[in-house]
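Enquirer:
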Amino acid sequence: MSFIERIQCYCREQLEPGSRLVLSLIVTLFIYLVILLDFKLQKFEWHFLVPAFSTFFLLLYYRISDEFKDFKTDQKFFPDRPIPSGRLKLSDLNVLLIAVTIISVLMNVIFPYAIIEFLLALFFTFCMGKWFFMEKTISSNRLYAFFTHAPVGLFLYWYAEAYLLNQNHLSWSLPEKLSIIGFIVLPGLSWEILRKTYLPEDEMPGYQIYSTMLGFKGSLAFAALWVIITILNNFVMVSLFESLDGMNLPLFILNLLLLVVIFLHGVRPRLKNLKPVAEIYMALHLFIPLATLIYKAWRQLHV
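In terms of my numbering, the sequence shown is numbered consecutively and its last residue is 303.
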């Protein structure tokens, strides 16, 4: 296989860049529309695409760097994946890492509205790829990995907020910034836990997941905790932004439904894990307020 064919294989089977690009575009559009509506901007600017693509490249960076960290685990438990099967080389991934870094840096040099925040986000993703230089400690404990890697969203979306606010010479308070980031990041934390929570009979000996550490019900409770934190954050966020008025009830119902599903799964599981349910939840959690924002922005700009 040629280099291009190997990269295509990797993108198709594991990297899935399309979904990450869509996520970056949607999240950045969400932040921009909140700014547009709450500051009553009268013109829609496509410059939000710069932080969207920069965020996309940073997401690619830390996903690609995971392949180096997971190399030995994949050889043992997932031998059919591109790297263990020999259909992709680690040297190919080094080329990709260099490429996404150069492109994202150039974009932010040309459009330097939040260059410091971008460099901090890039540095954090780089440290993630190196296990924060504590590989023996973090790699052997998934909970350590969870708590050290989870803040990446704070860096990514703090950068996106800074870019969009600075571009328009505006500012938010710290609670406003953190509540928006929490809205974006917190559902992904419960998804991360639920996708690696298996029934005891489905677990692979030697492969560490949350349920092997916390037990099946303990892991579900850990995921539920983040859903509850999401609910609390959503109430704070909606109270801070006029553009999100009316979102409390639908978001509360959605999160409550997930809590009910988690409880029922703990009592009488019918699926291997709740990953597909959590993915639907994440999509609705973002699309419901985004659709409302798009409608309100359309009316503001055309009335």
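Where is the CB? At the ideal position from N, CA and C, for every residue including glycine. Values in this document were obtained by computation on a predicted structure and should not be read as measured data.
Rounded to the nearest angstrom, how far is the Cβ of residue 34 from that of residue 179, given a contact under 8 Å?
Expert: The residue you call residue 34 lines up with position 34 of the sequence shown. The residue you call residue 179 lines up with position 179 of the sequence shown. With 8 Å as the limit, residue 34 and residue 179 do not qualify as a contact, their Cβ atoms being about 10 Å apart.
Enquirer: Here's the rule: buried if 16 or more other CB atoms are within 10 angstroms of the residue's CB, otherwise exposed. What is residue 137?
Expert: Taking the sequence shown and counting its residues from 1, the one referred to as residue 137 is at position 137. With fewer than 16 Cβ atoms within 10 Å of its Cβ, residue 137 is classed as exposed.
Enquirer: What number of angstroms, rounded off, separates the C-alpha of residue 238 from the C-alpha of residue 73?
Expert: Start at 1 with the first residue of the sequence shown, and residue 238 comes out as number 238. Start at 1 with the first residue of the sequence shown, and residue 73 comes out as number 73. About 42 Å.
Enquirer: Considering only the beta carbon of each residue, do residue 108 and residue 118 sit closer than 7 Å?
Expert: In the sequence shown, residue 108 corresponds to position 108, counting from 1. In the sequence shown, residue 118 corresponds to position 118, counting from 1. Taking 7 Å as the cut-off, the beta carbon of residue 108 is found closer than this to the beta carbon of residue 118.
Enquirer: Three Cβ pairs or more, each shorter than 8 Å: is that satisfied between the region 226–235 and the region 197–216?
Expert: In the pairwise beta carbon analysis, the region 226–235 is classified as not touching the region 197–216: fewer than three pairs are separated by under 8 Å.
Enquirer: On the criterion of 16 or more Cβ atoms from any shown chain inside 10 Å, does residue 94 qualify as buried, or is it exposed?
Expert: Within the sequence shown, the letter at position 94 stands for residue 94. By the neighbour-count rule (16 or more Cβ atoms within 10 Å), residue 94 is not buried but exposed.
Enquirer: So what does DSSP say about residue 302, is it helix, strand or coil?
Expert: Here residue 302 is taken as the residue at index 302 of the sequence shown, counted from 1. DSSP places residue 302 in helix when its eight states are reduced to three.
Enquirer: So, with DSSP's three-state summary, where would you put residue 282?
Expert: As a working note, residue 282 is residue 282 in the sequence shown. In this structure, residue 282 counts as helix in the three-state DSSP scheme.
Enquirer: Run through the region 155–204 for me and flag every whole alpha helix (DSSP H) of 4 or more residues, listed as ranges in chain order.
Expert: Counting whole runs of 4 or more residues, the region 155–204 contains the alpha helix (DSSP H) stretches 174–195.
Enquirer: Please name the residue in 163, 70, 296 whose C-alpha comes closest to that of residue 245.
Expert: Here residue 245 corresponds to residue number 245 of the sequence shown, with the count starting at 1. Residue 245 has its Cα closest to that of 296, out of 163, 70, 296.
Enquirer: Using 7 Å as the threshold, is the C-beta distance between residue 10 and residue 82 below it?
Expert: On the sequence shown, position 10 is the one that residue 10 refers to. On the sequence shown, position 82 is the one that residue 82 refers to. Result yes, Cβ atoms of residue 10 and residue 82 sit closer than 7 Å.
Enquirer: Let me know the secondary structure DSSP gives residue 215 once reduced to three states.
Expert: Position 215 of the sequence shown holds residue 215. Here residue 215 sits in coil by DSSP.
Enquirer: Within 10 angstroms of its Cβ, does residue 6 collect 16 or more other Cβ (buried), or is it exposed?
Expert: Here residue 6 refers to the residue found at position 6 when the sequence shown is read from its first residue. With 16 or more Cβ atoms within 10 Å of its Cβ, residue 6 is classed as buried.
Enquirer: So residue 156 and residue 275 are supposed to be a Cβ contact under 8 Å. How far apart are they, rounded?
Expert: As a position in the sequence shown, residue 156 is number 156, starting the count at 1. As a position in the sequence shown, residue 275 is number 275, starting the count at 1. Your pair residue 156 and residue 275 does not check out as a contact, with CB atoms roughly 22 Å apart and the cut at 8 Å.
Enquirer: Taking only beta-carbon atoms, is residue 106 less than 7 Å away from chain E?
Expert: The question asks about chain E, but that chain is absent: this structure has only one protein chain.
Enquirer: Between the region 84–99 and the region 140–151, do three or more beta carbon pairs fall short of 8 Å?
Expert: Taking 8 Å as the limit for Cβ pairs, the verdict is that the region 140–151 does not touch the region 84–99.
Enquirer: I need the boundaries of the alpha helix (DSSP H) containing residue 99, first residue and last residue.
Expert: Working through the sequence shown from its first residue, we reach residue 99 at position 99. Residue 99 -> alpha helix (DSSP H) spans 90–110.
Enquirer: Roughly how many angstroms separate the alpha carbons of residue 32 and residue 16, rounded to a whole number?
Expert: Within the sequence shown, residue 32 is the residue found at index 32, counting from 1. Within the sequence shown, residue 16 is the residue found at index 16, counting from 1. Going by the C-alpha atoms only, they are around 25 Å apart.
Enquirer: At a cut of 8 Å, does the region 202–210 reach the region 259–269 through at least three beta carbon pairs?
Expert: no
Enquirer: Measuring alpha carbon to alpha carbon, tell me which residue in 65, 28, 270 is nearest residue 47.
Expert: What you label residue 47 is simply residue 47 of the sequence shown in a count that begins at 1. Selected option, being the one with the closest Cα: 28.
Enquirer: Any heavy atom of the ligand ATP closer than 6 Å to the CB of residue 54?
Expert: Among the components of this structure there are no ligands whatsoever, and the ligand ATP is therefore not found.
Enquirer: Can you give the beta carbon distance from residue 128 to residue 65, rounded, assuming they're within the 8 Å contact cut?
Expert: Position 128 of the sequence shown, counting from 1, holds the residue named residue 128. Position 65 of the sequence shown, counting from 1, holds the residue named residue 65. Contact flag correct, Cβ pair sits at about 7 Å.
Enquirer: Do the CB positions of residue 285 and residue 249 come within less than 7 Å of each other?
Expert: Residue numbering aside, residue 285 sits at position 285 when the sequence shown is read from its first letter. Residue numbering aside, residue 249 sits at position 249 when the sequence shown is read from its first letter. Cβ distance not < 7 Å, so residue 285 and residue 249 don't count as in contact.
Enquirer: Could you tell me the distance, in whole angstroms, from the CA atom of residue 268 to the CA atom of residue 150?
Expert: Along the sequence shown, read from residue 1 onward, the residue named residue 268 stands at position 268. Along the sequence shown, read from residue 1 onward, the residue named residue 150 stands at position 150. Cα to Cα, residue 268 sits roughly 30 Å from residue 150.
Enquirer: Start and end of the alpha helix (DSSP H) containing residue 121?
Expert: Stepping through the sequence shown from its first residue, residue 121 is reached at position 121. 115–129 is the span of the alpha helix (DSSP H), which, as asked, contains residue 121.
Enquirer: Run through DSSP, which three-state label would residue 247 get?
Expert: Residue mapping note: residue 247 aligns to position 247 of the sequence shown, counting from 1. Residue 247 falls in the coil class under three-state DSSP.
Enquirer: I'd like the list of long-range same chain contacts for residue 273, defined as Cβ closer than 7 Å, with 5 residues on each side in sequence excluded.
Expert: Counting from 1 along the sequence shown, the entry for residue 273 is found at position 273. Counting only Cβ-Cβ distances below 7 Å, and skipping sequence neighbours, we find 194, 195, 197, 198.
Enquirer: Can you tell which of 102, 148, 121, 122 has its C-alpha closest to the C-alpha of residue 133?
Expert: Sequence index remark: in the sequence shown, residue 133 carries index 133 (1-based). The option with the nearest alpha carbon to residue 133 is 148.
Enquirer: Just reading off the alpha helix (DSSP H) that residue 60 is part of, what are its end residues?
Expert: Here residue 60 refers to the residue found at position 60 when the sequence shown is read from its first residue. Unbroken alpha helix (DSSP H) run through residue 60: 49–69.
Enquirer: Let me know the secondary structure DSSP gives residue 31 once reduced to three states.
Expert: As a working mapping, residue 31 is identified with position 31 in the sequence shown. DSSP places residue 31 in helix when its eight states are reduced to three.
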